[in-house]
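51 is the number of the first residue of the sequence shown in our numbering; add one for each residue after it.
Here's the structure we're looking at; comments come further down.
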Amino acid sequence: MPRVTIRDVAARAGVSTATVSRALSGARPVSPEVADQVHRAVQDLGYSGNGIASALRRSRTDTVGMVVPSVANPFFTSLVENVEYALQQAGRQLFLCSSRSDPALEAQRLRSLVARQVDGIVISPVHGTESTEAVAWAAAELPLVQVDRYVSGVPSDWVGVDDEAGMVLVMDHLAARGARSAAFVSSRLTNSSTELRLAGFRRHTERLGIAVDDEHVLLGEYSIDWGREGTARLLRSRRLPDAIVCADDLIALGVVQACSEAGVEVPGDVLVTGFDDIPFSALSAPPLTTVRQPQELIATEAVRLLQRALEPSVVEPARISLSPSLVVRASTGPAPRQAHPGAPVSGTSGRRPR
């Protein structure tokens with residue numbers, strides 16, 4: 051029996067092959083009447099090009115959309131790779147979109163994914179408030195899971211790292227290294243992750259008796275350039291703190307570079323920590339002590355929650371906060387003897403080298 055082609059479907063439906071493609075992919079809208087003609091032709095002929103016919107019979111396309119703030123940020127690059135692998139194991143394909151940290155573009159991306167009839171959406175929202183309307187709309191249209199960052203007031207699943215626990219690991223480690231004063235260099239408070247990390251920093255510096263000057267909390271953006279600029283501001287202040295805590299690894303890499311260029315020794319003059327454990331963090335000079343996020347587990351849980359949301363049973367949205375680990379490297383001094391250098395640990399001991 052000869053294989054049914056898209057031309058056969060077009061002839062049966064009385065439309066062009068381009069119209070058939072649009073009706074099946076959802077890339078551009080067609081009228082309900084034309085869509086019905088195409089779908090009936092697909093079913094009558096048993097067309098199964100690219101698996102579309104079987105997906106239509108299940109009212110699914112086996113595709114999932116994902117929107118991240120930036121594909122240039124290594125953290126999100128790795129997260130996307132892990133989500134794509136988890137989806138592949140579940141028999142689904144990924145449509146990836148970058149919002150370029152722009153809430154308006156993010157809303158456009160979400161509308162596009164819904165128009166493409168993806169089965170669900172995984173998103174790390176750009177902004178804690180400006181993203182809310184678009185994310186809420188998309189969640190009302192399709193199953194949606196928020197990862198890493200989240201917006202409040204949207205009835206959707208969320209999975210990410212426990213930012214509070216991450217800051218506990220960092221601050222306890224720095225206190226054990228002898229830090230008695232600290233600075234915090236971060237992006238502006240536009241998303242949940244940044245807000246939680248700053249809140250954790252303030253809470254645990256107070257708990258540990260670590261001094262923080264008002265001028266030593268610097269808010270800019272997640273980038274190496276901002277880490278360099280923030281360091282320049284700290285170096286102009288009346289006294290360099292014992293430690294510089296960074297809200298992500300890109301900022302921390304910029305801090306380490308700027309210190310080196312200014313003749314400030316890391317960790318001899320100042321301790322530096324990051325957050326995320328991107329691949330470059332182990333390659334800096336010195337290698338960076340940082341909080342490792344369990345990205346593979348985050349991705350696996352996100353896909354599991356999405357699969358659950360596609361089932362007919364109604365369940366309450368889940369909030370899954372995963373435990374991080376601390377990777378101790380040379381930017382805060384030598385790793386403890388009982389641990390392999392660069393291995394995740396839950397705590398450290400020892401005095402800061404002077």
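Positions of the beta carbon are idealized from the N, C-alpha and C atoms, including for glycine.
None of these values were measured; they are calculated from a predicted model.
For residue i, three-class secondary structure by DSSP
i      : result
Arg342 : strand
Arg289 : coil
Thr182 : helix
Ser151 : coil
Gln307 : helix
Gly454 : With the chain covering only 51 through 404, there is no way to say anything about residue 454.
Ser273 : coil
Gly280 : helix
Gly324 : strand
Gly397 : Because Gly397 sits at a pLDDT of 39, beneath the cut-off of 50, its placement in the model cannot be relied upon, and the following sentence gives the value as read from the coordinates. In this structure, Gly397 counts as coil in the three-state DSSP scheme.
Asp58  : helix
Ile370 : strand
Gly170 : strand
Ser243 : helix
Ile294 : strand
Arg84  : According to the sequence provided, residue 84 is Val. The question's Arg does not apply to it. DSSP places Val84 in helix when its eight states are reduced to three.
Gly383 : strand
Ser375 : strand
Val267 : strand
Leu258 : helix
Leu355 : helix
Leu333 : coil
Nearest-angstrom Cβ-Cβ length linking residue i and residue j, presumed shorter than 8 Å
i      : j      : result
Pro374 : Asp212 : 6 Å
Val92  : Val65  : Contact flag wrong, Cβ pair sits at about 12 Å.
Tyr272 : Leu300 : 6 Å
Ala229 : Ala308 : Wrong, their Cβ atoms sit about 19 Å apart, outside the cutoff.
Val118 : Ser162 : Actually they are not in contact, since the Cβ atoms of Val118 and Ser162 sit about 15 Å apart, beyond 8 Å.
Ala233 : His266 : 4 Å
Leu347 : Val195 : About 14 Å separates the two Cβ atoms, so there is no contact after all.
Asp327 : Val377 : 5 Å
Leu144 : Met116 : 6 Å
Ala282 : Leu129 : The Cβ separation is near 30 Å, so there is no contact.
Residue i, buried or exposed, once every other Cβ within 10 Å from all chains shown has been counted against 16
i      : result
Phe125 : buried
Val209 : buried
Gly318 : exposed
Asp298 : buried
Thr339 : buried
Pro193 : buried
Arg409 : Missing from the structure shown is residue 409; the chain here goes from 51 to 404 and no further.
Glu156 : buried
Asp86  : exposed
Ser363 : exposed
Gln139 : exposed
Gly203 : exposed
Asp264 : exposed
Val365 : exposed
Leu333 : exposed
Pro38  : The requested residue 38 does not occur in the structure, where the chain is confined to residues 51 to 404.
Thr179 : exposed
Pro384 : exposed
Gly216 : buried
Thr55  : exposed
Pro153 : buried
Leu239 : exposed
Neighbourhood of residue i by C-beta, 8 Å cutoff - its chain only, sequence neighbours within 5 removed
i      : result
Ser310 : Val316 and Ala335
Arg57  : Thr67
Leu290 : Leu284, Val314, Asp319 and Val320
Arg110 : Asp169 and Leu360
Arg278 : Gly304, Val305, Gln307 and Ala308
Arg150 : Pro119 and Ser120
Val218 : Gly250 and His254
Cβ shell of residue i (< 7 Å), same chain only, five flanking positions each side left out
i      : result
Ser275 : Here residue 275 is Asp; the residue named in the question, Ser, does not match the sequence. So the list reads Gly304, once near-sequence residues are dropped.
Ala73  : Val80, Val84, Ala85 and Val88
Ala352 : Val133, Val172, Val195, Val197 and Val209
Leu269 : Ser236, Ser237, Arg238 and Leu239
Same chain, Cβ closer than 6 Å to residue i, neighbours up to 5 away in sequence not counted
i      : result
Ala225 : Leu258
Pro175 : Ser181, Val185, Arg199 and Val201
Arg142 : Asp112 and Val114
Asp207 : Val195, Leu355, Pro367 and Ala368
What are the complete alpha helix (DSSP H) segments, minimum 4 residues, inside the region 194-236? 213-226
Contiguous beta strand (DSSP E) assignments of at least 3 residues, all confined to the region 108-132: 113-118
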